[in-house]
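Visitor: Chains A and B, in that order, give the protein sequences. For the first sequence, my numbering begins at 302 and goes up steadily by one. For the second sequence, my numbering begins at 5 and goes up steadily by one. Glycine residues also receive a C-beta, built at the ideal position from the N, C-alpha and C atoms. There's a structure below that I have some questions on.
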Amino acid sequence: MKKKLVLIVEDEEDVAKYLAAALSDQGFEALTASDAASGLELATQRRPDLICLDLVMPGRAGLSLYREMRQTPGLMGVPIVVVSGLVSADAAGKLGWDETLPLPDAFIEKPVNIPELVEAVRELVLA
Amino acid sequence: MAKAHYQEWLQKELFEQAPLNIAVIDPDYRIVSSNRNFENLFGEAGGRRCYEVQKGRDEPCENCTASQTWLDGRVRVNEESGVDKSGRAAHYLVYLAPIFAEDGSIPYIIEMSADITESKRLKSEYQTLFEQVPCYVTVLNRDLRVVRANQRFREKFGEISGQKCFELFKRQTTDCANCPAKKTFADGKIHRSEQVGSSKDGEPTYYMVTTAPLSRGDEDFSHVIEMAVDVTDLRHTEERLQRARVVRRGLVEHSPDAIVGIGTKNDVLIFNPAAESLFGIPAADVLGRALQDGFLPPELEELVNARRGECRLESAVVRARSGEEIPVRLSGYAVAKDDEYLGTAAFVKDLREVRRLEKEKLDAERLTAVGQTVAGLAHGIKNLLTGLEGGVYFLRSGLEGDRTERIQEGWGMLQRNVERISVLVRNLLSFSKGGEPNVEVTAPEDLVRDVVDLYREAAAREDVVVSSDIPGPVAPAPLDPEAIHTCLANLVSNAVDACQMSDKRPCCVQVRVRDEDDNLVFEVEDEGCGMDQEVRKFAFTNFFTTKGKGGTGLGLLLTRKMTQEHGGRIAFESEPGKGSTFRLIFPRERLRLPDRPEQQGDSN
């Protein structure tokens, strides 16, 4: 069976490496992008089975990317797992989150609990 | 001498020596005889007609009094005006007496005249004086009725027609309580008093009045002369001065700022209540005495000694009696009229409250910034923790699977994230630490060179050129060298990062310092990636970082805080793709002087 492809968009290099290693150790193929532009490029080129996205990146890049991915026809249906240190709806609101945005398919809080992440990814990919 | 002879001599001498001009005229008005006085006045008269001699006329006078005496034989006295031998007007009092013959006829008239030219002149002078003297002159009778008044009086108080003085002077119907005229009538002495009248136009008129008896040297007198000097203008000037004095006193007394006036003998002339409370000294203890040394800043003492010029101290210290050093803003100037030095005035504003508020504001800003950014900080810490966990994961899985590259990677991740945590904690600590900068007189150029030296080599490895640009000499300034060094290091570090994020190579960072107007300005300019609107907006408001690895989001906040604690401000401009320029602007007048060592000695 072909390995499921997971795109990790994360500006924190060490975090990206960590998630990629953990997911590939669990039988996924992991790709990383360190900023919004390359994230979107990789996503449209490779059309991953799932995207792990850090919402908090320079400026509002994480949120803009989330919005864009949700509106890109080729990426419709690709589940997005938000991996973030954001702790509250208030913090998300400050970042620019609004009611019109569809909720992410899963939300994983930092520091990341790897079994929880793997569980969520597996469920979404196999669904 | 025989008796007849004596009589003849006596008559001749009487005729010649009597202090009168004597002429004997006949019915044809010819002067048949005249004495020496007469001839001295009118010249040789023998045989000439009286009107020719005395008046220079060709025919008899129209109202000749002598002509009546010829008819009725009565003695007549009248005043005449004539012309003396030099052609000058002469005034004389003429006494005409008939000389009767035995048959009752009048062969001669004897005319005896006294020269009253002098008294006429005096009278005329008196009249002029009376009218023109710059006083209101009136003559009052015992009823206090004005019987005469000079022109000046009439112009001011109106024409007189038997009114009483108080009616004219004051438009009153009853006499005045302190009437000096009544006193003069009572004791015959001169009295003076100050009165307020009302002119015919109803304007208040202030005058100093002197009343004197109008007597001919005897005790009996029926009139009083009243001379009033108008002091209305003087009074108005005085009132204006008085008012100005009251206003000035009010301003000085109620000023919230301390006002100290120092006179020409370095004595304290003004010490208002605000000064009493600022210095903790009652005015009575200092007024009229020399202000003790050391209470006022040396700049003001210099001004007092120089007796000229002015000084403005935005940030100075005065010492209260208790020994407390009080931060103040002070302005002083030497007061002079024309070239005459009158004294020195100092206005002292107590800045304790202002300083307290400034500190409170800084504290509040710091707390707000900390509060606002706990979430952002939490995010940063969570990333660091995730990085640490990642390191642990790599190490463990590397050890378990004996994968060296994972062990190395994990070790690197642990080191990086531990270093980042220590930087974050250091910044956070210095940010939350409040308080006064530790100021000492510092050469600004040295700070710039130190920071450039610190970054030059490491930046060069990334092809970023860090250099200093100091166009001219910059005066030393009271600064906290460590704090400013940290500020500049933060800015340069940001600038180098911005260069690394751009494609330009080599990419330059210049650090400058200069005096601009009255400000000391540090400037860090880079050719890096610049900031878009989004980033500019967040630059100071959050624990915000654009640096994926390594930023704590505290650098600029910390820089701003330390700049503000020096009384300065931070400004920047930036354009995406072109670069950024950050400026630290310190108004020189707000840079506080370092604590003087002797003060510390005093407080022990």
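8 Å is my cut-off, CB to CB: does Asp315/A come that close to chain B?
Guide: yes
Visitor: Out of curiosity, what's the CA-to-CA distance linking Leu148/B and Gln167/B?
Guide: 8 Å
Visitor: Taking the straight line between their C-alpha atoms, what separation do you get for Thr446/B and Ile274/B?
Guide: Roughly 39 Å between the two C-alpha positions.
Visitor: Mind pulling the chain B residues with CB within less than 9 Å of Gly430/A?
Guide: Nothing about residue 430/A can be read from this structure; chain A reaches only from 302 to 428.
Visitor: Return helix, strand or coil for Ala411/B, following the three-state DSSP convention.
Guide: Per the sequence shown, residue 411/B should be read as Ile rather than Ala. In the structure shown, Ile411/B sits in a helix (DSSP, three-state: H, G or I).
Visitor: What's the C-alpha gap between Glu404/B and Ile425/B?
Guide: 27 Å
Visitor: Can you pull out the residues from the stretch 318-339 of chain A whose beta carbon lies closer than 7 Å to at least one beta carbon of chain B?
Guide: Taking 7 Å as the upper bound on Cβ-Cβ separation, chain B lies near residues Lys318, Tyr319, Ala322, Ala323, Asp326, Ser335 of the stretch 318-339 of chain A.
Visitor: Count the other C-beta atoms from every protein chain shown that fall within 10 angstroms of the C-beta of Val358/B, then say buried if there are 16 or more, exposed otherwise.
Guide: exposed
Visitor: In chain order, what residues of the stretch 415-426 of chain A put their CB closer than 8 Å to some CB of chain B?
Guide: Taking 8 Å as the cut-off between beta carbons, the residues of the stretch 415-426 of chain A near chain B are Ile415, in sequence order.
Visitor: Quick one: does Val383/A have its CB under 8 Å from some CB of chain B?
Guide: no
Visitor: Would you tell me roughly how many angstroms separate the C-alpha atoms of Ser607/B and Val452/B, rounded to the nearest one?
Guide: Confidence in Ser607/B is poor, its pLDDT being 38 and thus under 50, which makes the residue's placement unreliable; the coordinate value appears in the next sentence. Roughly 36 Å separates the two Cα atoms.
Visitor: Measure the alpha-carbon distance for Phe170/B versus Asn82/B and round it to whole angstroms.
Guide: 39 Å
Visitor: Please report how far the alpha carbon of Val382/A lies from the alpha carbon of Pro591/B, in whole angstroms.
Guide: About 52 Å.
Visitor: With a floor of 3 residues, list each beta strand (DSSP E) that falls wholly inside the stretch 49-81 of chain B, ordered by position along the chain.
Guide: none
Visitor: Check each candidate in Asp88/B, Arg516/B, Thr490/B and name the one with the smallest Cα separation from Pro475/B.
Guide: Arg516/B
Visitor: State whether the stretch 400-416 of chain A contacts the stretch 57-70 of chain B, with contact taken as three or more CB pairs (one from each stretch) at a distance under 8 Å.
Guide: no
Visitor: Expressed to the nearest angstrom, what Euclidean distance is found between the alpha-carbon atoms of Phe586/B and Leu562/B?
Guide: 14 Å
Visitor: Please report the distance separating the alpha-carbon of Ser339/A from that of Leu371/B.
Guide: 38 Å
Visitor: CB Val251/B to CB Val272/B, shorter than 8 Å?
Guide: no
Visitor: Using the C-alpha atoms, what's the distance from Lys363/B back to Leu432/B?
Guide: So the alpha carbons of these two residues sit roughly 19 Å apart.
Visitor: When you compare the CB positions of Gln609/B and Leu366/B, do they come within less than 8 Å of one another, or not?
Guide: Absent from the model: residue 609/B. The displayed extent of chain B is 5 to 608, so no value can be given.
Visitor: Nearest CA to the CA of Val57/B: which residue from Gly77/B, Thr209/B, Leu75/B, Asn25/B?
Guide: Check the Cα spacing between Val57/B and each of Gly77/B, Thr209/B, Leu75/B, Asn25/B: the tightest is with Asn25/B.
Visitor: Under three-state DSSP, which class holds Arg400/B?
Guide: helix
Visitor: From Thr214/B to Gly267/B, what distance separates their C-alpha atoms?
Guide: Rounded to whole angstroms, Thr214/B to Gly267/B spans 40 Å at the Cα level.
Visitor: Using DSSP bridges, identify the partner residues of Gly265/B.
Guide: According to DSSP, which records beta bridges pairwise, Gly265/B is partnered with Ile274/B, Ala349/B.
Visitor: Buried or exposed: Ala294/B, going by 16 or more other Cβ atoms within 10 Å of its Cβ?
Guide: exposed
Visitor: Can you list, in chain order, the residues of its chain whose CB lies under 7 Å from that of Asp454/B, leaving out five sequence neighbours each side?
Guide: His489
Visitor: Please name the residue, chosen from Tyr367/A, Asp326/A, Ala322/A, that lies closest to Thr333/A on a Cα-to-Cα basis.
Guide: Ala322/A
Visitor: Output, in chain order, the set of chain B residues within a Cβ distance shorter than 7 Å of Pro412/A.
Guide: Under the 7 Å cutoff, chain B gives Lys386, Leu389, Thr390, Glu393.
Visitor: Using the DSSP secondary-structure output, state which residues sit across from His9/B in a beta bridge.
Guide: His9/B pairs with nothing; no bridge assigned.
Visitor: Does any residue of chain B bring its CB to less than 8 Å from the CB of Gly386/A?
Guide: yes
Visitor: Given Ser197/B, which residues of its chain have a CB within under 7 Å of its CB, disregarding the five upstream and five downstream residues?
Guide: Asn182, Pro184, Val213
Visitor: Residues in the same chain with beta-carbon distance under 6 Å from Leu45/B, minus the five sequence neighbours each way, listed in chain order, please.
Guide: Asn25, Asp88
Visitor: For Asp326/A, name the three-state secondary structure that DSSP assigns.
Guide: helix
Visitor: Considering only DSSP beta bridges, list what Ser385/A is partnered with.
Guide: Glu410/A
Visitor: What is the DSSP secondary structure of Val235/B, reduced to helix, strand or coil?
Guide: coil
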